[in-house]
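Q: Take 1 as the starting number for the sequence shown in UniProt numbering and just add one per residue. Here a beta-carbon is modelled for each residue, glycine too, at the ideal position from N, C-alpha and C. None of the values given here were measured: they were computed from a predicted structure. First the structure, which I've put down as structure tokens, then a few questions once you've had a look.
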Amino acid sequence: MAALKGISVDQAADFLRMVAPKPRTQKVKLENAGGRVLAEDVLPTRDQPPFNASAMDGYAVVDLISDEALQNEPLTVVGESLAGRRFKGDLIVGEAVRIFTGAPVPDAANAVIIQENVDRQLDLIFVQPDGWASKSDNIRPRGGDFKAGDVLLEAGQILDPWALSLIAAAGYDKVIVRKKPVVAILSNGDELVRVGDKPKSDQIFESGSHALIALIEQWGGKARFLGAAGDSLKAIHKALKNVKADLIVTIGGASVGDYDLVKPALEQLGLQVDFASINIRPGKPTWLGNLEDGTRVLGLPGNPASAMVCAQLFLRPYIEAALGRYEPRPMLAAKLSAALPANGPREGWLRAVITHDDKGQLKVTALRDQDSSLVTVFAKSNALLRRPSEASAAKTGDLVQVLALDRLV
Ligand SMILES: Nc1nc2c(c(=O)[nH]1)N[C@H]1C(S)=C(S)[C@@H](COP(=O)(O)OP(=O)(O)OC[C@H]3O[C@@H](n4cnc5c(N)ncnc54)[C@H](O)[C@@H]3O)O[C@H]1N2
Ligand code: MOO
């Protein structure tokens, strides 16, 4: 079947979700689980707190708020309840147990009077006028945070610091997460020199892989850099044969020039091209294929902005689908802070900056120079502004769609 050409952005993103491997799982230690995607619901086996706990430092008592006569009598302190070591005796009306924040409240007690409301003389305490606590005052009830069997977190959720603390509070030291899909990256071009090496006069520093590796890791994948191959069939073939990865991503050599050799080199590995280009600016030459051994290859254009925009729009959905997350990222509505001309046939994704105005309304400014080779412009942007194919000119104040880039600039 002939490869598809010029497919839409949505079709290409769906294609990448569709070819992503089914999510696989692994057990990891909680301290290594940050940023991972939960593969099973988390249900605690124990209530939290597991006992009625004091919320304050003070005295646990039997509530006497309705018995004014008894309120004026001193109480005898019969013991102490500490966080981690409870008072084991009995407690009756007329007695109090010295108690501290987080300590178990004795069974018979039903209120805690804070110590500021009490005068103590040896083993006697005198509660100040209006100092009495009502029933349940200053007590955190057993299970008040969560109960055994509650669903605390659902499969598919990303384990951020708050979720990690919840899992620890439930007592789990390990957690089942979705395995990271492995993405191998190859840069391509005789003009590229690795940072740290000395460039010849006609060379530039290889920068694309540095953003891509960090993005892959940020999106939940495992990046493996294969280095930079020169512009020869042999070098590309050698770099890509026997690569064990879920996906190979190539940067550069995607277009139609005589030295755009990635696809021809992969023909020796049985390459079948799924689609050969996308109706997008930047990033039109982005392509997808699969090798004889089933490995998928996503070819990103070499221009840094094209590579990053297309990574955001197509690689990210692949990684997320491999982690069991299939929902497209939400588009936000923002007000244009400067007019935009009509768009041509290619769907446009402009590097842009979003901010809020003083009313909290999202505003977006497209950066002036959208040439896809500009690393500086990409580094300034925190959003991509979507211009539909053949969109008419837009005025200042018009609402447009933006995709936030998860970064503050
Ligand atoms: N006759 C045509 N020429 C071009 C077309 C076309 O349709 N007809 N498409 C243009 C478009 S759009 C793009 S995008 C580029 C993409 O080309 P390639 O993917 O083949 O990329 P290269 O030619 O290898 O590189 C383009 C540019 O980017 C620099 N580069 C490459 N890799 C890296 C890297 N890892 N780090 C930093 N910079 C990199 C490279 O030196 C080039 O300057 O093709 C147009 N041409
Ligand atoms: O699509 Mo290219 O990415 O326009 O420069």
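(1) To the nearest angstrom, how far is the alpha carbon of Val78 from that of Arg86?
(2) Nearest-angstrom Cα distance between Arg351 and Ala169?
(3) Let me know the secondary structure DSSP gives Trp219 once reduced to three states.
(4) Note the first and the last residue of the continuous alpha helix (DSSP H) segment covering Thr376.
(5) Report yes if the C-beta distance between Asp231 and Tyr259 is below 8 Å; otherwise report no.
(6) Would you mind giving the Cβ-Cβ distance between Val375 and Leu385, rounded to the nearest angstrom? I have them listed as a contact below 8 Å.
(7) Would you please state the rounded distance, in angstroms, between the beta carbons of Val243 and Ala254? I believe it to be under 8 Å.
(8) Using CA coordinates, which residue listed in Ala228, Gln157, Ala20 is at the minimum distance from Val175?
(9) Evaluate Gly348 with the Cβ neighbour count: other Cβ atoms within 10 Å of its Cβ, from every protein chain shown; 16 or more gives buried, anything less gives exposed.
(10) With 16 other CB atoms within 10 Å as the buried threshold, where does Lys238 fall?
(11) Alpha carbon to alpha carbon, how far is Lys133 from Phe146?
(12) Return the CA-CA distance between Val195 and Ser207, expressed in angstroms with no decimal places.
(13) From Ala391 to Leu240, what does the alpha carbon distance come to, in whole angstroms?
(14) Going by CA-CA distance only, name the one from Gln71, Gln361, Leu4, Asn382 that's closest to Leu367.
(15) Would you identify the three-state DSSP class for Asn110, choosing helix, strand or coil?
(16) Can you check which of these residues, His356, Ile92, Ile319, Ala211, is closest to Arg24 by C-alpha distance?
(17) Any heavy atom of ligand 2 closer than 7 Å to the Cβ of Asn343?
(18) Where do the ends of the beta strand (DSSP E) carrying Leu403 lie?
(19) Following the continuous beta strand (DSSP E) through Trp162, name the residue where it begins and the one where it ends.
(20) Under the criterion of a Cβ to heavy atom distance below 7 Å, does Ala254 qualify as lining ligand 4?
(21) Decide if residue 467 is buried, meaning its Cβ has at least 16 other Cβ atoms within 10 Å, or exposed.
(22) Touch check for the region 269-281 and the region 198-212: three-plus C-beta pairs under 8 Å?
(23) Between the region 51-67 and the region 84-101, are three or more C-beta pairs nearer than 8 Å?
(24) Buried or exposed for Pro50, please, with buried defined as at least 16 other CB atoms from any protein chain shown within 10 angstroms of its CB.
(25) With a threshold of 7 Å, establish whether the CB of Arg281 neighbours any heavy atom of ligand 2.
(26) Can you list, in chain order, the residues of its chain with a C-beta nearer than 8 Å to that of Gly34? Leave out the 5 residues immediately preceding and following it.
(27) So for Ala394, helix, strand or coil by DSSP?
(28) Consider the C-beta atom of Pro304 and the heavy atoms of ligand 2; say whether any pair is separated by less than 7 Å.
(29) Here's the rule I'm using: 16 or more other beta-carbon atoms within 10 Å means buried, otherwise exposed. How should Gln312 be labelled?
(30) Taking only the alpha-carbon atoms, compute the straight-line gap between Asp202 and Ala307 and give it to the nearest angstrom.
(31) Is the separation between the beta-carbon of Ala229 and that of Ile185 shorter than 8 Å?
(32) For Glu217, which of Gly58, Ile236, Leu16, Pro181 has the nearest alpha-carbon?
(33) Under 8 Å Cβ to Cβ from Val112, same chain only, skipping five residues before and after it: list those, please.
(34) Sort out for me which residues DSSP pairs Tyr326 with in a bridge.
A: Reading from the atomic positions:
(1) Counted from its first residue, the sequence shown places residue 78 at position 78. Counted from its first residue, the sequence shown places residue 86 at position 86. Approximately 13 Å between the Cα atoms of the pair.
(2) One-based indexing of the sequence shown puts residue 351 at position 351. One-based indexing of the sequence shown puts residue 169 at position 169. Distance between the alpha carbons of Arg351 and Ala169 is about 42 Å.
(3) As a position in the sequence shown, residue 219 is number 219, starting the count at 1. DSSP places Trp219 in coil when its eight states are reduced to three.
(4) Translated into positions along the sequence shown, residue 376 becomes position 376. Run containing Thr376: 375-380, per the alpha helix (DSSP H) assignment.
(5) In the sequence shown, residue 231 corresponds to position 231, counting from 1. In the sequence shown, residue 259 corresponds to position 259, counting from 1. Cβ distance < 8 Å, so Asp231 and Tyr259 count as in contact.
(6) The residue you call residue 375 lines up with position 375 of the sequence shown. The residue you call residue 385 lines up with position 385 of the sequence shown. Not quite, the Cβ-Cβ distance comes to about 19 Å (not below 8 Å), so this is no contact.
(7) Stepping through the sequence shown from its first residue, residue 243 is reached at position 243. Stepping through the sequence shown from its first residue, residue 254 is reached at position 254. About 18 Å; that fails the 8 Å criterion.
(8) In the sequence shown, residue 175 corresponds to position 175, counting from 1. Checking every option, the nearest Cα to that of Val175 belongs to Gln157.
(9) What you label residue 348 is simply residue 348 of the sequence shown in a count that begins at 1. Buried, by the Cβ-count rule.
(10) Counting from one through the sequence shown, the residue named residue 238 turns up at place 238. By the 10 Å Cβ count, Lys238 comes out exposed.
(11) Your numbering for residue 133 matches position 133 in the sequence shown. Your numbering for residue 146 matches position 146 in the sequence shown. Before going on, a small fix: residue 133 reads as Ala here, not Lys. Distance between the alpha carbons of Ala133 and Phe146 is about 25 Å.
(12) In the sequence shown, the residue the question calls residue 195 occupies position 195. In the sequence shown, the residue the question calls residue 207 occupies position 207. Each residue's alpha carbon lies about 8 Å from the other.
(13) By one-based count along the sequence shown, residue 391 stands at place 391. By one-based count along the sequence shown, residue 240 stands at place 240. In a straight line, the C-alpha of Ala391 is about 40 Å away from that of Leu240.
(14) What you label residue 367 is simply residue 367 of the sequence shown in a count that begins at 1. When each option's Cα is compared against that of Leu367, the closest is Asn382.
(15) Within the sequence shown, numbered from 1, the residue matching residue 110 stands at position 110. Three-state DSSP puts Asn110 in coil, outside helix and strand.
(16) Here residue 24 is taken as the residue at index 24 of the sequence shown, counted from 1. Out of His356, Ile92, Ile319, Ala211, Ile319 has the C-alpha closest to the C-alpha of Arg24.
(17) Position 343 of the sequence shown, counted from the first residue, corresponds to residue 343. The answer is no for Asn343.
(18) Residue 403 sits at position 403 when you count from the first residue of the sequence shown. Unbroken beta strand (DSSP E) run through Leu403: 399-404.
(19) Numbered from 1 along the sequence shown, position 162 holds the residue referred to as residue 162. Careful: Trp162 lies outside any beta strand (DSSP E), inside the alpha helix (DSSP H) at 161-169.
(20) Absence of ligand 4 from the depicted structure is noted, with ligand 1 and ligand 2 being the only ligands included.
(21) Any answer about residue 467 is impossible in this case: the structure gives the chain only from 1 up to 409.
(22) no
(23) yes
(24) Within the sequence shown, residue 50 is the residue found at index 50, counting from 1. Counting Cβ neighbours within 10 Å, Pro50 comes out exposed, since fewer than 16 surround it.
(25) The count along the sequence shown starts at 1 and reaches residue 281 at position 281. Result yes, Cβ under 7 Å from ligand 2.
(26) On the sequence shown, position 34 is the one that residue 34 refers to. Correct list, in chain order: Leu159, Asp160, Pro161, Leu164.
(27) In the sequence shown, counting from the first residue as 1, residue 394 sits at position 394. Residue state, collapsed to three classes: strand.
(28) Here residue 304 refers to the residue found at position 304 of the sequence shown. No, since every heavy atom of ligand 2 falls outside the 7 Å radius drawn around the Cβ of Pro304.
(29) Mapped onto the sequence shown, residue 312 falls at position 312. The residue in question, Gln312, is buried, as its Cβ has 16 or more Cβ neighbours within 10 Å.
(30) One-based indexing of the sequence shown puts residue 202 at position 202. One-based indexing of the sequence shown puts residue 307 at position 307. Roughly 22 Å separates the two Cα atoms.
(31) Here the question's residue 229 lines up with position 229 in the sequence shown. Here the question's residue 185 lines up with position 185 in the sequence shown. Result no, Cβ atoms of Ala229 and Ile185 do not sit closer than 8 Å.
(32) Within the sequence shown, residue 217 is the residue found at index 217, counting from 1. Ranking the options by Cα distance to Glu217, first place goes to Pro181.
(33) Taking the first residue of the sequence shown as 1, we reach residue 112 at position 112. So the qualifying residues of the chain are Ser54, Ala55, Met56, Gly58, Tyr59, Ala60, Val61, Ile99, Val105, Ala133, Asp137, Asn138, Ile139.
(34) Working through the sequence shown from its first residue, we reach residue 326 at position 326. The partner list for Tyr326 (beta bridge, DSSP) is empty, contrary to what the question assumes.
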